[in-house]
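Below is one structure, written out as structure tokens; comments come after it.
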Amino acid sequence: MKAKKYCLIAAVLLVAAACDMKINPEGGTITGEQKDQLAAAEPGKMQSEINGLYAKLIQVGSISAWAGSDRHYDFGYPAACMMFDASGMDAPSENSGYNWFLPQQQYTDRAANSANSYFLWNLFYSHAKGANDIIRVIDPDTDDPTLRAYLGQALAARAFDYEHLVQIYQFTGKGRENDLAIPIVTERTPADSINNNPRATVASVHQFIIDDLTRAISLLTDFDRRGRKECINRQVAYGLRARANLLAERWDSAAADARRAIAGNTPYTIAEVSKPAFNNIAADAWIWGCAITENNDAVLTGIINFPAHMCSLTGNGYSPGFAGRYINKNLWEQIPDDDVRKGWWTDTTLLSPHLDATWTITYNGEKYNLVDWFQFQAPYLNVKFGPYQDIYNNPTNACDFPLMRVEEMILLRAEALAMSGNTTEASQILTDFITAYRQPSYTTAATTPEDLRDEIWFQRRVELWGEGFSLFDLKRLKKPLLRANANYPGNVSFDLPAEAPILLWLIPESEINANRGIQENNPVVPVPHP
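If you read the sequence shown in our numbering, its first letter stands for residue 1, the second for the next number, and so on.
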């Protein structure tokens, strides 16, 4: 057992205490005194409220008081992305007691009394509450440029939450418009209506998201975030609306918004992704991200953070020795050998051309190579995400997390153009991106909208692996989940049909009990088995 593994045990004992919070998952309202204080404040004084919105996305210990103990998946939005990916078919991991995302892989978390279900509900509704509190105290017709920027950021942040909530608790797309999704809580929702608030339809939630983002785009016209890429600017709002329009199958609008979101950013180059990366918000490819410092609470815990679970080269974490994160071998085998992304995972020899295979470390007089020290255990291990400061064995897990990359917007635009019937332009955009930035020899034979969409889906599965997109793509494209005959542990090597009910999480029991407006939860179905 290596020294870094002892650090893991020590870190468990040194976890920072969670904030003492009284949580109302649906949001509730701020007090009249708080409202008066905020309304009377100078515009610059409200910056802390906006900062709080971004901090909440990376909050650690949000449900510790509710759950009665620390949960090592409780580190905000990056953890939610790991839950989404673990529920899909592209990110197998070990059947280990150290795997905090095993319930999603097994689907044992699809229960109304599950702490995992409560974590997701609380994450997005409490974040939306923070947005509502800001929206409520700003005059919607204000001419003050600072207040307009605050209002625009809050509206876009709320839309971001509802984009996730609608996909977590319902299927979307054509034919699903009238299905019940989730309750909508706005800054105008009366306090006495919070506990009698029914589930809105998918179409209603979609329109709510679009309306928020359209207002945000207008309000953020003159906002300059001055290099603070953790903040939402107009470009981010366009990207969020592109996602919403894609989800609602509004193809022309999705393509137009994605084009606007792309402006000014360029993808990672082949050289930049020929080594572990995706850990620094300063990368030009990042449109939006979570900026994480060494003093962030999640970092100070040692192991309750994204790199501890996902980075195979960290000096302090679960991965890979306790719970490695892999790619579905069937997907990896489809990646051409000359595609730079194939090296984002190890091959059958447990190595990747992107790793420094000469790296060694001496401990207690014994020399270890990279594979032995980091305890690589099986092929197809993820080495996509680099350690902090790109230093192998760095025990500090202060890596930034991507929320929106230009590569996603390029692929989104290509898909939307293909589905609107503009297959020639879609194919050209796809080919230009892949040949310039990933695989110079790339060509595609896809010509129909459906074939192009499937090709783009493959590219999304590879490009955005580990960033929280795979399950939602599976659902919106109505694809079956295919794990059999791959590298999943035997007890989770099952297939599921498209739109299998168990792909939906259940609304938490605490919300069902508190909100009499919800007449029906999502269906309870048996846990699948091979």
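Cβ coordinates follow ideal geometry from the N, Cα and C atoms, glycine included.
Cβ contact (3+ pairs, closer than 8 Å) linking the segment 389 to 408 and the segment 274 to 292: yes
Close beta carbons around P267, own chain, < 6 Å, minus the five adjacent residues each side: A285, V406, E407, Y437
Nearest-angstrom Cβ-Cβ length linking G152 and F223, presumed shorter than 8 Å: Between F223 and G152 the Cβ distance is about 7 Å, and since that is below 8 Å, they are a contact.
Minimum length 4: unbroken alpha helix (DSSP H) runs contained in the segment 121 to 185: 145 to 169
Beta-carbon proximity of D347 to Y392, cut-off 9 Å: For D347 and Y392, no; Cβs fall outside 9 Å.
Inter-stretch contact (C-beta, 8 Å, three-pair minimum) for the segment 117 to 135 and the segment 182 to 202: yes
W505 and S117 closer than 9 Å at C-beta: It is a contact, given that the beta carbons lie within the stated cut-off.
Status (buried if at least 16 other CB within 10 Å, exposed otherwise) for A73: The residue you asked about is not Ala; residue 73 is Tyr in the sequence shown. Burial check for Y73: the Cβ neighbour count within 10 Å reaches 16 or more, so the residue is buried.
Cβ separation of V205 and Y162, assumed to be a contact under 8 Å, to the nearest whole Å: 6 Å
Stretch-stretch touch, CB-based, cutoff 8 Å, three pairs: the segment 428 to 443 with the segment 338 to 355: yes
Nearest to D390 (by Cα), restricted to the options L355, M419, L411: L355
Strand pairing of F385, partner residues [DSSP]: A277
Opposing strand residues paired with G600 [DSSP bridges]: For residue 600 there is no data in the structure shown, the boundaries of the chain being 1 and 530.
Cβ distance (whole Å) where T532 is taken to contact T448 below 8 Å: Nothing can be reported for residue 532, as the shown portion of the chain is limited to 1 through 530.
Nearest-angstrom Cβ-Cβ length linking A398 and E467, presumed shorter than 8 Å: About 18 Å; that fails the 8 Å criterion.
Alpha carbon of F141 to alpha carbon of L147, nearest angstrom: In the sequence under discussion, the amino acid at residue 141 is Asp, which differs from the Phe named in the question. Going by the C-alpha atoms only, they are around 10 Å apart.
For I429 and R413, believed in contact at Cβ under 8 Å, the rounded distance: 6 Å
Reduced DSSP category for Y442 - H, G, I as helix; E, B as strand; rest coil: coil
DSSP-derived helix/strand/coil call for L313: coil
Min CB distance H309 to chain C below 9 Å: Given the protein chain composition of this structure (a single chain), no chain C is represented.
Whole-angstrom distance between L240 and D109, CA atom to CA atom: One alpha carbon belongs to D109, the other to L240, and they sit about 28 Å apart.
Heavy atom of the ligand ADP within 8 Å of L313 beta-carbon: Looking at this structure, you won't find the ligand ADP or any other ligand, since it has none at all.
The segment 93 to 112 contacting the segment 513 to 520, beta-carbon criterion three pairs below 8 Å: no
Beta-carbon spacing of A255, A416 below 9 Å: yes
Check whether I168 and L246 have beta carbons under 9 Å apart: Not closer than 9 Å, so no.
Alpha helix (DSSP H) segments (min. 4 residues) lying fully within the segment 197 to 247: 202 to 219, 234 to 247
Residues that DSSP places opposite L496 in a beta bridge: L481
For T362, three-class secondary structure by DSSP: strand
Simplified DSSP assignment, three categories, for W505: W505 falls in the coil class under three-state DSSP.
Beta-carbon proximity check, L313 vs G386, cutoff 9 Å: yes
Given P78 as reference, the closest of I304, P336, P480, W373 once Cα atoms are compared: I304
Bounding residues of the alpha helix (DSSP H) (the contiguous stretch that carries I63): Looking at the DSSP string, I63 is not in any alpha helix (DSSP H), and its letter there is neither H nor E.
9 Å Cβ cutoff met for A112 and E509: The criterion of a C-beta distance shorter than 9 Å is satisfied by A112 and E509.
Own chain, CB closer than 8 Å to E425, minus 5 neighbours either side, in chain order: L417
CA-to-CA distance, N364 to F278, given in whole angstroms: 33 Å
Where R461 sits in the DSSP three-state scheme: helix
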